[in-house]
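Protein chains in written order, with my numbering: chain A, 1 to 100; chain B, 1 to 184. Report on one structure; see the data block that follows.
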C-alpha cells in the first residue's frame, strides 16, 4: 500500500517537474557558429508568401508559428544552417516532412 | 481542514493571474494555451483520483468534499484555455480549417463533455436528476481520455501527458484489486 502511494507521489512530482517547453518533435544538430540569423529566415519565407507570428529556437532548430502561402496556419521547423524547411504541422497533424 | 470557500478562492487565483497577463499590450496568448490547458487537465485528474484514493486510504475520505470544486475548476480552466485559443486564432476560418486535426477535435469534444458536468455540479441539479446524476457525471472518464489524446496530439510528444495520466490510470486500476476491508 505504502509502495503504491510512494510510486504515485513520485510520478506526480515527475509530472510537475518536467519542463513544459520540451516539445521534442524536431531536433537539429550542427555547429552553432554556422547558423544564419533568424531574421534572415523570416525575411526569406515572408518573401515566399508566409505570414510569421512568432519565430524562436526549439530543439536546435528554428521554429516558426505562422501561415503558409497556401493559407494554412501552422508550426514549422527550419534548419538554422541551411534555412531548409524540415517539418510543417498543424496542431500535431503533419503537413510536410522533409524526406530523410 | 481547508474551508470550501478558501478552496474556491485558491482555485480562482491562477485564472486572475492569466487574465491580467492576457490583457497586457504585448500579451502572447499562444503562450498561455499550454499552462491553462495543463492546469485544467491536472484538476480533472485530481477530481478523478479522489474516489480510488479514498478507497485505498479510507482515512483520507475528507477529500471527497473538495471534489466538486476541483471538477468545476477543471472545466473553468478548460473554458479559459478555449477563450485564449479563440482570441489567439482570431479567425473563424483558421479555427474551422484545423477542426479536423486530431489534436483539435479531441480538445473540443473533451470540453463539450465537461460542460454538462459543470452545469449539474450543484445541489439543485443533484436533486432534479436523482438517480441519473451519477451516470451523467461518469462522462468525466471519456472527457479525461479525450484530454489525454488532445494533449498527446497537439503537443507532439507523449512524455509530459503520460506522466500526468499514468498516476490516474494506476489508481483506477487499484479499483479492480479485491477490497482489503471486505476480506479482512
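Just so it is clear, CB atoms sit at the ideal spot from N, CA and C, and this is done for glycine as well.
List the endpoints of the continuous beta strand (DSSP E) containing residue i.
| i | result |
| --- | --- |
| residue 90 of chain A | 85-90 |
| residue 53 of chain A | 51-58 |
Assign residue i to one of three DSSP states: helix, strand, or coil.
| i | result |
| --- | --- |
| residue 95 of chain A | strand |
| residue 30 of chain B | helix |
| residue 63 of chain A | strand |
| residue 57 of chain B | coil |
| residue 101 of chain B | coil |
| residue 132 of chain B | helix |
| residue 138 of chain B | coil |
| residue 35 of chain A | coil |
| residue 176 of chain B | helix |
| residue 69 of chain A | coil |
| residue 44 of chain B | helix |
| residue 40 of chain A | helix |
| residue 29 of chain A | coil |
| residue 113 of chain B | helix |
| residue 35 of chain B | helix |
| residue 6 of chain A | helix |
| residue 46 of chain A | helix |
| residue 13 of chain A | helix |
| residue 107 of chain B | helix |
Would you mind working out which of the options sits nearest residue i, comparing C-alpha positions?
| i | options | result |
| --- | --- | --- |
| residue 60 of chain B | B:49, B:68, B:113 | B:49 |
| residue 150 of chain A | B:93, B:168, B:157 | Residue 150 of chain A lies beyond the stretch modelled for chain A, which goes from 1 to 100, so this question has no answer here. |
| residue 116 of chain B | B:105, B:129, B:174, B:106 | B:129 |
| residue 57 of chain A | A:79, A:67, A:70, A:72 | A:79 |
| residue 29 of chain B | B:14, B:109, B:87, B:114 | B:87 |
| residue 145 of chain B | B:108, B:92, B:36 | B:108 |
| residue 86 of chain A | A:41, A:33, A:9, A:34 | A:41 |
| residue 13 of chain A | B:160, B:171, B:175 | B:160 |
| residue 80 of chain B | B:101, B:16, B:67 | B:16 |
| residue 45 of chain B | B:57, B:68, B:24 | B:68 |
| residue 53 of chain A | A:9, A:73, A:66 | A:66 |
| residue 7 of chain A | B:176, B:34, B:96, B:166 | B:166 |
| residue 59 of chain A | A:37, A:25, A:47 | A:25 |
| residue 75 of chain B | B:53, B:95, B:119, B:149 | B:119 |
| residue 36 of chain A | A:51, A:47, A:62 | A:62 |
| residue 137 of chain B | B:114, B:20, B:82, B:89 | B:114 |
| residue 112 of chain B | B:143, B:154, B:177, B:66 | B:143 |
| residue 62 of chain B | B:152, B:153, B:4, B:106 | B:4 |
| residue 10 of chain B | B:27, B:66, B:152 | B:66 |
| residue 110 of chain B | B:133, B:83, B:147 | B:147 |
| residue 225 of chain B | A:100, A:71, A:43 | Residue 225 of chain B is absent from the structure shown; chain B starts at 1 and stops at 184. |
| residue 10 of chain A | B:170, B:177, B:178 | B:170 |
| residue 43 of chain A | A:34, A:94, A:55 | A:55 |
Does any residue of chain B bring its CB to less than 8 Å from the CB of residue i?
| i | result |
| --- | --- |
| residue 52 of chain A | no |
| residue 62 of chain A | no |
| residue 79 of chain A | no |
| residue 25 of chain A | yes |
| residue 72 of chain A | yes |
| residue 92 of chain A | yes |
I believe residue i touches residue j by the beta-carbon criterion, under 8 Å. Please report the beta-carbon distance rounded to the nearest angstrom.
| i | j | result |
| --- | --- | --- |
| residue 32 of chain B | residue 22 of chain B | 6 Å |
| residue 85 of chain B | residue 43 of chain B | No, residue 85 of chain B and residue 43 of chain B are not in contact; Cβ-Cβ is about 18 Å, not under 8 Å. |
| residue 75 of chain A | residue 98 of chain A | So it is not a contact: roughly 15 Å between Cβ atoms. |
| residue 90 of chain A | residue 98 of chain B | 5 Å |
| residue 81 of chain A | residue 30 of chain A | 5 Å |
| residue 150 of chain B | residue 103 of chain B | 6 Å |
| residue 70 of chain B | residue 47 of chain B | 4 Å |
| residue 174 of chain B | residue 52 of chain B | 6 Å |
| residue 57 of chain B | residue 92 of chain A | That belief does not hold up - the Cβ atoms of residue 57 of chain B and residue 92 of chain A are roughly 37 Å apart, past 8 Å. |
Does the CB of residue i have a neighbour CB from chain A at under 8 Å?
| i | result |
| --- | --- |
| residue 97 of chain B | yes |
| residue 102 of chain B | yes |
| residue 154 of chain B | yes |
| residue 172 of chain B | no |
| residue 157 of chain B | yes |
Just reading off the alpha helix (DSSP H) that residue i is part of, what are its end residues?
| i | result |
| --- | --- |
| residue 75 of chain A | Counting along the chain, residue 75 of chain A falls outside any alpha helix (DSSP H), though it belongs to the beta strand (DSSP E) covering 73-78. |
| residue 17 of chain B | 4-22 |
| residue 191 of chain B | Residue 191 of chain B cannot be examined here, being either before or after the span of chain B that is shown, 1 to 184. |
Within 8 Å of any Cβ in chain C, is that where the Cβ of residue i sits?
| i | result |
| --- | --- |
| residue 26 of chain B | Reference to chain C is not applicable here, since the protein chains of this structure are A and B. |
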